[in-house]
Amino acid sequence: MANPESTTSMSSNPTDSTTTTTAAVAKTAAAVQQPESNQTDVLEERIINDEYKVWKKNSPYLYDLVMTSALEWPSLTCQWLPTLNPSSTKTSTEHSLLLGTHTNDEQNYLMVASVGLPTEDAEIDAREYVDEKEECGGFGSTGNKVEVKIKIMHEGEVHRARYCPSNPFLVATKSPSPDVYVFDLSKHPSFPTAGSSFNPQYVLQGHTSEGYGLAWSPHPSQPRHLISAGEDKLLCLWDLAEAGATVPSLSKLTGHTDVVEDVAWHQTDPSIVGSVGDDRSIKIWDIRVKNATDSTHTREDAHEADVNSIAFNPVQEYLFATGSGDNDVGLWDLRNLKDPLSVFKGHTAEVFNVAWAPFGEGTILGSASADRRVNIWDLARIGQEQTPEDAEDGPPELLFIHGGHTSKLNDLSFNANDDWIVASVSDDNVLQVWSMAENIYADYDDEEADGELDDADLEDDN
1 MANPESTTSM
11 SSNPTDSTTT
21 TTAAVAKTAA
31 AVQQPESNQT
41 DVLEERIIND
51 EYKVWKKNSP
61 YLYDLVMTSA
71 LEWPSLTCQW
81 LPTLNPSSTK
91 TSTEHSLLLG
101 THTNDEQNYL
111 MVASVGLPTE
121 DAEIDAREYV
131 DEKEECGGFG
141 STGNKVEVKI
151 KIMHEGEVHR
161 ARYCPSNPFL
171 VATKSPSPDV
181 YVFDLSKHPS
191 FPTAGSSFNP
201 QYVLQGHTSE
211 GYGLAWSPHP
221 SQPRHLISAG
231 EDKLLCLWDL
241 AEAGATVPSL
251 SKLTGHTDVV
261 EDVAWHQTDP
271 SIVGSVGDDR
281 SIKIWDIRVK
291 NATDSTHTRE
301 DAHEADVNSI
311 AFNPVQEYLF
321 ATGSGDNDVG
331 LWDLRNLKDP
341 LSVFKGHTAE
351 VFNVAWAPFG
361 EGTILGSASA
371 DRRVNIWDLA
381 RIGQEQTPED
391 AEDGPPELLF
401 IHGGHTSKLN
411 DLSFNANDDW
421 IVASVSDDNV
431 LQVWSMAENI
441 YADYDDEEAD
451 GELDDADLED
461 DN
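One point on numbering: in full-length UniProt numbering, the residue at position 191 of the sequence shown is 191, and numbering is uninterrupted.
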């Protein structure tokens with residue numbers, strides 16, 4: 001087999017960080033001669049390794065920053081915390097990232113990692129990929145750094161961890177237990193001491209099985225409201241404002257006919273939440289109706305497979321996105337659920353998470369998939385004309401493909417304190433913090449300066 005370093009070159013399309021030639025993949029396939037029982041696995045592993053080599057070779061041209069950190073255990077969750085650490089300097093700022101562990105029967109932890117990111121004053125060189133540190137865009141003599149600063153004992157793996165917007169010290173977690181746990185970070189030592197035990201500040205009861213979906217209310221009128229989705233087909237709502245250590249549910253919402261995968265709070269209306277699940281439906285709820293037996297609005301068969309994720313746009317009140325096992329990302333208008341506004345096709349496997357960028361006019365969306373990719377979409381580009389050559393690389397709204405992971409993605413998070421900085425975690429223990437090259441998203445900034453995205457920009461030909 002030819003050396004992949006010599007048979008590939010940088011993609012002519014800067015949005016794709018993993019482009020390799022068809023001939024190179026064909027040579028890889030032809031060279032593999034293994035027994036039928038494991039030939040497919042060997043082929044896939046070799047192709048993944050070849051793609052990673054291409055990505056690493058091209059990354060200095062496609063990123064302003066890439067940091068790769070090998071965690072001790074895989075994290076199924078990641079979320080940037082909103083606070084900056086006081087140890088920030090002129091050339092770097094210390095950000096905090098919420099993580100968890102998924103161990104093999106060993107002690108699990110809820111974790112907070114410190115991430116050093118370069119400031120505009122730092123001298124960075126994105127043209128060099130440092131193999132030893134597995135990063136590009138390094139700065140200073142110490143380089144970028146990821147360090148776990150807080151470890152709190154957790155019962156079972158951390159399926160999801162999310163901080164409370166009104167008090168970021170409060171962190172809720174989902175696990176194999178039906179209960180939801182809430183920790184006050186300020187009431188735990190940085191690391192477990194001798195005799196430490198699992199000790200959440202709140203245990204929220206109501207579910208009868210585990211789950212993943214979890215969302216705090218972002219509204220000041222609901223500073224301690226939390227909603228959770230479970231495999232028991234339920235949504236459970238709690239209010240921790242005056243709660244004791246054990247908190248019964250304030251309301252249970254029933255209506256899904258299968259596992260509820262995710263739940264999200266509307267960003268401007270505190271009474272609206274949305275949920276999605278394995279019944280392929282989207283449900284919009286009015287939480288003022290306690291113990292509702294069905295949603296106020298439902299879209300059955302919203303996708304052709306399980307719907308795994310839902311996220312409401314932070315700026316445009318009627319807009320939300322979904323990610324599905326049919327490999328697609330759906331863009332929807334809350335006022336009319338009959339058909340999606342647009343369907344984003346670009347992933348080749350199940351989409352686990354969708355997340356909106358917190359900056360700008362709400363036109364940037366990220367999606368994480370089992371295909372080992374994080375796709376970044378720009379809604380302002382929907383419907384733009386393409387040459388046949390450009391169309392081969394993906395639809396016009398596909399702004400960027402992050403291809404630095406070699407295993408399925410578990411979660412992604414945009415940094416609200418540093419535009420275009422993304423954290424992503426994958427099943428092979430890898431955490432990556434990255435930012436695409438400025439020349440790629442500069443067109444987006446120019447378009448945004450011309451005005452907000454209009455409803456007409458979202459019209460789809462389907």
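Glycine is no exception: its CB is placed at the ideal position from the N, C-alpha and C atoms.
What you are looking at is a predicted structure, and each value in this text was computed from that prediction instead of being measured.
Pairwise C-alpha distance: residue 439 and residue 94 | Residue 94 and residue 439 have their C-alpha atoms roughly 25 Å apart.
Go ahead and pull the three-state DSSP assignment for residue 55.
-> In this structure, DSSP gives residue 55 a helical state, which the three-state scheme calls helix.
Exposed or buried, which one is residue 290 when buried takes at least 16 other CB atoms within 10 Å?
-> With a 10 Å radius around the Cβ and a threshold of 16 neighbouring Cβ atoms, residue 290 comes out exposed.
Measuring CB to CB, does residue 424 end up less than 8 Å from residue 63?
-> It is not a contact, given that the beta carbons lie outside the stated cut-off.
Hey, how far is the Cα of residue 416 from the Cα of residue 340?
-> For residue 416 and residue 340, the distance between alpha carbons rounds to 28 Å.
Select from 377, 178, 97 and 385 the residue whose C-alpha is nearest the C-alpha of residue 236.
-> When the alpha-carbon of residue 236 is set against those of 377, 178, 97 and 385, the nearest one is in 178.
Report all residues from its chain with a CB closer than 7 Å to the CB of residue 218; omit the five preceding and five following residues, and keep chain order.
-> 165, 265 and 267.
Burial state of residue 79, where buried means 16 or more other Cβ atoms lie within 10 Å = Buried: at least 16 other Cβ atoms inside 10 Å.
Pairwise C-alpha distance: residue 309 and residue 274 | Rounded to the nearest angstrom, the two C-alpha atoms are 10 Å apart.
Taking only runs of the beta strand (DSSP E) that begin and end inside the stretch 246–318, which ones reach a length of at least 3 residues, in chain order?
-> The qualifying runs are 246–248, 251–254, 260–265, 272–277, 282–286, 297–299 and 307–312.
Sheet register partners of residue 344 (DSSP bridge) = Residue 344 is bridged to 329.
Following the continuous beta strand (DSSP E) through residue 184, name the residue where it begins and the one where it ends.
-> Counting along the chain, the beta strand (DSSP E) containing residue 184 begins and ends at 180–184.
Sufficient close CB pairs (3 or more, under 8 Å) joining the stretch 36–47 to the stretch 377–392 = Two segments are said to touch when three or more pairs of C-beta atoms, one from each, lie closer than 8 Å; by this definition the stretch 36–47 does not touch the stretch 377–392.
Segment limits, alpha helix (DSSP H) that includes residue 390 | Run containing residue 390: 388–391, per the alpha helix (DSSP H) assignment.
DSSP three-state assignment for residue 398, whether helix, strand or coil | The answer is strand: DSSP assigns residue 398 an E or B state.
Return the CA-CA distance between residue 393 and residue 346, expressed in angstroms with no decimal places.
-> In this structure, the CA atom of residue 393 is about 9 Å from the CA atom of residue 346.
At least 3 beta-carbon pairs within less than 8 Å: the stretch 281–301 vs the stretch 239–257 = Counting Cβ pairs under 8 Å, three or more are found: they touch.
Mark residue 173 as exposed unless 16 or more other C-beta atoms lie within 10 angstroms of its C-beta, in which case mark it buried.
-> Result: buried.
Given residue 223, which residues of its chain have a CB within under 6 Å of its CB, disregarding the five upstream and five downstream residues?
-> Excluding positions up to five away in sequence, the list reads 166.
Within 8 Å, strictly: CB atoms of residue 158 and residue 108 = Going by C-beta atoms, residue 158 is nearer than 8 Å to residue 108.
Looking at the unbroken beta strand (DSSP E) that takes in residue 102, where does it start and where does it end?
-> It is not in any beta strand (DSSP E) - residue 102 carries neither H nor E in the DSSP assignment.
Might you give, ordered along the chain, the residues of its own chain that have their beta carbon closer than 7 Å to the beta carbon of residue 408, omitting 5 neighbours on each side?
-> Taken in chain order, the residues that qualify are 370, 372, 426 and 427.
Evaluate residue 70 with the Cβ neighbour count: other Cβ atoms within 10 Å of its Cβ, from every protein chain shown; 16 or more gives buried, anything less gives exposed.
-> Around the beta carbon of residue 70, fewer than 16 other beta carbons sit within 10 angstroms, so the residue counts as exposed.
Distance, Cα to Cα, residue 152 vs residue 225?
-> Between residue 152 and residue 225, the C-alpha separation is close to 23 Å.
Using a Cβ-Cβ cut-off of 6 Å (strictly less than) and excluding sequence neighbours within five positions of residue 501, which residues of its own chain qualify?
-> The structure shown has nothing for residue 501, since the chain only spans 1 to 462.
What is the DSSP secondary structure of residue 427, counted as helix, strand or coil?
-> For residue 427, the three-state secondary structure derived from DSSP is coil.
Counting only the same chain and skipping the five closest in sequence on each side, list residues whose C-beta sits under 6 Å from that of residue 306.
-> Same-chain partners within the cutoff: 278 and 325.
Pick helix, strand or coil for residue 40, following the three-state DSSP scheme.
-> Annotated three-state conformation of residue 40 is helix, per DSSP.
Is the Cβ-Cβ distance between residue 368 and residue 301 less than 8 Å?
-> Not a contact, by the Cβ cut-off of 8 Å.
Three-state class that DSSP yields for residue 437 in the structure shown | Here residue 437 sits in coil by DSSP.
Ordered along the chain, which non-local residues of its own chain (more than five positions away) have a Cβ less than 6 Å from that of residue 247?
-> Here residue 247 has 202, 204 and 238 as same chain residues with Cβ atoms under 6 Å from its own Cβ, once five neighbours each way along the sequence are excluded.
Reference residue 243, options 260, 182, 414 and 191, closest by Cα | It is 182.
Buried versus exposed, by CB contacts within 10 Å (16 or more), residue 120 | Flag for residue 120 reads exposed.
Have a look at 145, 382, 156 and 215 and flag the residue whose alpha-carbon is nearest the alpha-carbon of residue 470.
-> The shown model of the chain, from 1 to 462, leaves out residue 470, and the question about it has no answer.
Which residues mark the beginning and the end of the beta strand (DSSP E) in which residue 147 is found?
-> From DSSP, the beta strand (DSSP E) with residue 147 extends over 145–154.
Of all the options 42, 81 and 47, which has the alpha carbon lying nearest to the alpha carbon of residue 421?
-> Taking only the C-alpha atoms, the option nearest residue 421 is 81.
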